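**Student:** Note that full-length UniProt numbering gives residue 99 to position 99 of the sequence shown, counting from 1, and the numbers run on in steps of one.
Note that CB positions come from ideal geometry on N, CA and C, so glycine has one too.
These numbers were taken from a predicted model, which means no experiment stands behind them.
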Amino acid sequence: MSRLLTRKLFSSIKPNFSRSLATAQSSQNATVPQHILDSVEVSWAQMTEPQREELREQLAEIQKQDWSKLSIKEKRAAYYVAFGPHGPRAPFPKYTREVFFGTGATLLAAVLLFLAFTLSLALLLIL
Numbered sequence: 001m002s003r004l005l006t007r008k009l010f011s012s013i014k015p016n017f018s019r020s021l022a023t024a025q026s027s028q029n030a031t032v033p034q035h036i037l038d039s040v041e042v043s044w045a046q047m048t049e050p051q052r053e054e055l056r057e058q059l060a061e062i063q064k065q066d067w068s069k070l071s072i073k074e075k076r077a078a079y080y081v082a083f084g085p086h087g088p089r090a091p092f093p094k095y096t097r098e099v100f101f102g103t104g105a106t107l108l109a110a111v112l113l114f115l116a117f118t119l120s121l122a123l124l125l126i127l
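1. Output the residue ranges of the alpha helix (DSSP H) runs that lie fully inside the region 25-79 and measure 4 residues or longer, sorted by chain position.
2. How would you call Leu107, buried or exposed, if buried means at least 16 neighbouring beta carbons within 10 angstroms?
3. Within 10 angstroms of its Cβ, does Ile62 collect 16 or more other Cβ (buried), or is it exposed?
4. For Arg97 and Gly104, what's the separation of their Cα atoms in angstroms?
5. Ends of the alpha helix (DSSP H) at Gly87?
6. Closer than 8 Å is the cut-off here; do at least three beta carbon pairs connect the region 67-82 with the region 114-121?
7. Please state whether DSSP places Leu127 in a helix, a strand or coil.
8. Out of Pro88, Pro33, Phe100, state which residue places its alpha-carbon closest to the alpha-carbon of Gln58.
9. So is Val40 buried or exposed if we call it buried at 16+ other beta carbons inside 10 Å?
10. Could you check the C-alpha separation between Val42 and Ala90 for me, to the nearest Å?
11. Taking the alpha carbon of Arg56 as the reference point, which residue from Leu119, Asp66, Leu127, Trp44 has its own alpha carbon closest?
12. Roughly how many whole angstroms lie between the Cα atoms of Leu124 and Ala109?
Here you go:
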């Protein structure tokens, strides 16, 4: 009885194993074009969203391999796509001068309005 159970178990595992082996072999064949790997920082900004998603998927497949077998360019591209200065990590524009002078002008206007109001109130009380 245990032999029959074992045969059924292994016969159900065998097709799944061959399917996963085929998937693993196809994932090793996923390659990113060399011109994109050479300048991923420049080409990322020029890509459309579907192209970016395809590149993410290709790099995810490449990263499933042994990392010691990946080239430096593949590692650099994977790092840039994951952690590069794009999307929510894009740097903010520099508006420090405008903010500084705008805040100063607003404070000066508020002080001048306060002084004008208090002086006019003082003049009314004196007269």
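**Tutor:** Per the coordinate set shown:
1. 34-38, 40-46, 49-63
2. By the 10 Å Cβ count, Leu107 comes out exposed.
3. buried
4. The alpha-carbon atoms of Arg97 and Gly104 are separated by roughly 11 Å.
5. From DSSP, Gly87 is part of no alpha helix (DSSP H); its letter is neither H nor E.
6. no
7. coil
8. Comparing Cα positions, the closest option is Pro33.
9. buried
10. 14 Å
11. Closest option to Arg56, Cα to Cα, is Trp44.
12. Taking the straight line joining both Cα atoms gives about 22 Å.
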